[in-house]
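According to this note's numbering, the sequence shown is numbered sequentially starting from 13.
A virtual CB, placed ideally from N, CA and C, is assigned to each residue, including glycine.
The structure under discussion appears below in the form of structure tokens.
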Amino acid sequence: MIVMKIGASKQEILEVVQGIEQIGYQAKISKGAQRSVILVHGNIGYIDESYFNKFSGIRNIIHISKRLKLVYKENNGGIDTIVDLGDNIRFGENVSHLIAGPCSVESGDMIMETAGFLRSRGIKLLRGGVFKPRTSPYSFQGLGEKGANYLYDAAKKYDMKIISEAVDEYSLSFLLEFADVIQIGARNMQNYSLLKKCGAINKPVLLKRGFTATLEDLYASLEYILSEGNPNIIVCERGIRVFEGTKQRSIIDLLGVKDFKEESHLPMIIDTSHATRDRSKVPGLSRAAMAFGCDGLMVEVHPDPDKALSDGPQSLSFNDFDQMLIDLTKISSMFGKPLKLFREN
Ligand code: PEP
Ligand code: MN
13 MIVMKIGASK
23 QEILEVVQGI
33 EQIGYQAKIS
43 KGAQRSVILV
53 HGNIGYIDES
63 YFNKFSGIRN
73 IIHISKRLKL
83 VYKENNGGID
93 TIVDLGDNIR
103 FGENVSHLIA
113 GPCSVESGDM
123 IMETAGFLRS
133 RGIKLLRGGV
143 FKPRTSPYSF
153 QGLGEKGANY
163 LYDAAKKYDM
173 KIISEAVDEY
183 SLSFLLEFAD
193 VIQIGARNMQ
203 NYSLLKKCGA
213 INKPVLLKRG
223 FTATLEDLYA
233 SLEYILSEGN
243 PNIIVCERGI
253 RVFEGTKQRS
263 IIDLLGVKDF
273 KEESHLPMII
283 DTSHATRDRS
293 KVPGLSRAAM
303 AFGCDGLMVE
313 VHPDPDKALS
323 DGPQSLSFND
333 FDQMLIDLTK
343 ISSMFGKPLK
353 LFREN
């Protein structure tokens with residue numbers, strides 16, 4: 013809807029109408045007592061409003077239909093998408109899930125030990141990075157292909173699902189052979205060519221919100237995957253940068269999670285480890301996240317966090333994890349989304 017300025021001339025209105033028709037849309041003028049409004053109709057998609065900069069006489073432009081389509085719940089018949097990983101693990105239902113594991117796979121033994129511990133606690137979703145997008149090129153970059161093999165062996169032994177991050181086309185195609193869910197990390201949230209590739213795979217994707225991305229930016233990234241044909245996306249809030257940058261690494265946008273869950277049909281989980289650099293804050297953040305409402309959590313766990321090669325300070329020890337799990341089991345039931353654990357009797 014194009015709102016003209018008060019006193020816009022007939023000629024100015026006519027030029028806007030012609031401009032609309034030139035790009036294949038139809039225009040309908042509605043004359044008010046003070047100003048005219050031009051309604052733009054057509055079915056060719058979203059118009060970039062900079063096209064109208066050349067016309068004088070326009071006061072402002074109001075978009076009635078949205079720029080994106082597939083990401084919104086209202087365009088999905090109001091129905092939430094359920095991401096089914098098999099073995100009775102479905103994201104987006106009335107239960108929550110816990111994804112856990114080390115930041116990076118560091119050796120065969122450490123991932124085996126971590127997987128064994130987690131599985132004994134009923135966790136079936138094992139995370140572990142093998143291709144690591146580190147802020148410094150001098151930091152540990154992950155074990156790559158070798159790490160993927162270690163992760164695969166551990167998941168196989170304990171009957172767990174693998175979540176691991178792809179950082180480029182090569183790691184994506186490599187991980188397709190090993191992982192059950194492909195993670196795209198915060199730093200690659202706007203790597204549109206990688207997102208398009210993720211739209212063409214037949215595995216679920218876990219997309220993390222970039223730490224400087226607005227919800228609109230996140231929606232656009234999701235639209236890239238959805239429009240290529242992959243509806244199986246688990247979205248992950250992992251903290252956004254805020255002006256309080258000295259004490260907090262970032263802050264979990266719980267209100268954004270609520271808005272997302274109302275506006276989009278995709279399941280959303282919260283990574284409570286990456287928002288902070290401090291493991292003592294992870295259990296509290298996790299309790300808050302569960303109480304506030306989301307489809308699950310992701311946390312980093314390490315057999316010896318002080319010796320971890322990446323993200324040690326925020327990684328929980330096995331003992332920390334056990335303590336946290338007791339609280340999360342209670343809180344998740346209290347707020348109507350009981351944590352789904354797979355405990356063998
Ligand atoms: C990770 O999950 O280890 C990771 C690198 O996360 P993020 O992309 O959220 O920083
Ligand atoms: Mn990490």
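When the beta-carbon positions are compared, Phe333 and Arg133 come within less than 9 Å of each other. A heavy atom of the ligand PEP is found nearer than 8 Å to the CB of Ser322. Secondary structure at Ala232: helix, using DSSP grouped into helix, strand and coil. Taken atom to atom, the span from the alpha-carbon of Ile32 to that of Ile18 is near 20 Å. Check the Cα spacing between Leu110 and each of Leu137, Arg131, Pro279: the tightest is with Leu137. In this structure, the beta-carbon distance from Pro114 to Arg146 does not fall below 9 Å. For Pro243, same chain residues with a beta-carbon under 7 Å away, outside a window of 5 residues either side, are Thr93 in chain order. A residue is called buried when at least 16 other Cβ atoms come within 10 angstroms of its Cβ; Val254 does not meet this threshold and is exposed. For Gly113, the enclosing beta strand (DSSP E) starts and ends at 109-113. In the three-state reduction of the DSSP assignment, Lys66 falls in the helix class, which pools H, G and I. Residue side-chain check: Gly141 places its Cβ nearer than 8 Å to a non-hydrogen atom of the ligand MN. Annotation: the continuous alpha helix (DSSP H) that includes Lys270 extends over 266-275. Looking only at Met336, Phe223, Val83, Leu26, the smallest Cα-Cα distance to Gly241 is reached by Val83. The criterion of a C-beta distance shorter than 9 Å is not satisfied by Phe190 and Asn214. For Ser183, the enclosing alpha helix (DSSP H) covers residues 181-187. Within a 10 Å sphere around the beta-carbon of Thr224 sit fewer than 16 other beta-carbons, which makes this residue exposed. Here Asp283 carries a strand assignment [DSSP, helix/strand/coil].
Annotation for Ile94: no beta strand (DSSP E) segment contains it, and DSSP assigns it neither H nor E. In this structure, Ile73 keeps its C-beta atom at 9 Å or more from the C-beta atom of Ile35. Within a 10 Å sphere around the beta-carbon of Arg71 sit fewer than 16 other beta-carbons, which makes this residue exposed. Segment contact: the region 308-320 against the region 259-274, fewer than three CB-CB distances shorter than 8 Å; contact not assigned. The C-alpha of Ala39 is placed about 60 Å away from the C-alpha of Gly324. Counting only runs of 3 or more residues that sit fully inside the region 142-178, the beta strand (DSSP E) segments are 173-177, in chain order. If you look at Cys210, you'll find it in the alpha helix (DSSP H) that goes 204-211. With respect to the 9 Å criterion, Phe354 and Gly305 are not classified as neighbours on the basis of their beta carbons. Glu235 places its beta carbon less than 9 Å from that of Lys81. Cys248 and Arg221 do touch by the CB rule: their CB atoms are close to 7 Å apart, below 8 Å. Exclusion of Gln335 from the 8 Å shell around the ligand PEP follows from its C-beta lying no nearer than that to any non-hydrogen atom of the ligand. The beta-bridge partner set that DSSP reports for Ile245 consists of Val217. Straight-line spacing of the CA atoms in Ile76 and Ser68 works out to 22 Å.
Cβ atoms of Ile252 and Ser262 come within 8 Å of each other, at about 6 Å. Rounded to whole angstroms, Ala232 and Pro216 show a C-alpha spacing of 18 Å.
Counting other Cβ atoms within 10 Å of its Cβ, Ser21 stays below 16 and is therefore classed as exposed. DSSP places Phe333 in no beta strand (DSSP E) but in the uninterrupted alpha helix (DSSP H) bounded by 330-346. With 16 or more neighbouring CB atoms inside 10 Å of its own CB, His277 falls in the buried class. The residue from Ser285, Asp60, Asp265, Ile281 with its alpha-carbon nearest to that of Arg102 is Ile281.
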